[in-house]
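Heads up, the thing below is written out as structure tokens.
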Amino acid sequence: MDVDVAESDHTGTVLRFRPLVLRAVELAGTARRRGDHPFGAVLLDPHGEVLAEGLNGVVTTGDLRAHAELEALENARRAGRSGQVAGGIMIASGEPCPMCTAGLVWAGLSQIVFAAATPNFVPYLPDGPRFRLRCADVVAASTAEIVVSGPVDGVDALAPFRPGH
């Protein structure tokens, strides 16, 4: 389920995080330039302070779990900041997949903000299996109360997917 940010009750919240959404898109470009899928993520604590960042590393590491959101959670753990994750916020360049969304639910986040919606970036991805479940569907199937906001307009979230970026 897409949430039209312009019509959402969470518009102010999303606008507040615009620089971090742009940072997640920048990280996605970095991931692509190093040979990975173009996804980036910024993990915030409950007060909106950056805890960690993550880049997709599936291709370069060979680890199918090395998605940007999970890498951000792992980087927070490595930095000894796991205790600050619950109630936090994930800012992602692309809508988190079901695996990542489940991880964000288990981590106890309060909000997920994503720049590009799955139907918009899927045509750029290599062929392979796909889920029909969207981020908001996975959250809704849980007992967690997580606000899902996205896609975010005006950040050129698909730029890292385009050739020459």
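Numbering-wise, UniProt numbering puts 59 at position 59 of the sequence shown, and it's gapless, one number per residue.
Quick reminder that beta carbons are idealized off the backbone N, C-alpha and C, glycines included.
Inset, instruction - Spatial neighbours of residue 162 within its chain, please: CB distance less than 7 Å, with the 5 preceding and 5 following residues excluded, ordered by chain position. - result: As a position in the sequence shown, residue 162 is number 162, starting the count at 1. The answer is none, since no qualifying residue turns up.
Inset, instruction - In angstroms with no decimal places, state the Cα-to-Cα distance between residue 9 and residue 89. - result: Position 9 of the sequence shown, counting from 1, holds the residue named residue 9. Position 89 of the sequence shown, counting from 1, holds the residue named residue 89. Because the pLDDT at residue 9 is just 44, under 50, the model does not fix this residue reliably, and the value given afterwards should be weighed accordingly. About 17 Å.
Inset, instruction - Have a look at residue 25 and residue 79 and give me their C-alpha separation to the nearest angstrom. - result: For this step, residue 25 is matched to residue 25 along the sequence shown. For this step, residue 79 is matched to residue 79 along the sequence shown. Residue 25 and residue 79: Cα-Cα distance of roughly 23 Å.
Inset, instruction - Provide the residue span of the alpha helix (DSSP H) that contains residue 166, from first to last. - result: Here the chain comprises residues numbered 1 to 165, so residue 166 is not present and cannot be evaluated.
Legend entry - residue 73 - containing alpha helix (DSSP H), residue span: As a working note, residue 73 is residue 73 in the sequence shown. Looking at the DSSP string, the run of the alpha helix (DSSP H) that includes residue 73 is 68-78.
Legend entry - Three-state class that DSSP yields for residue 155 in the structure shown: For the purposes of this step, residue 155 is taken as residue 155 along the sequence shown, with counting starting at 1. Correct three-state label for residue 155: coil.
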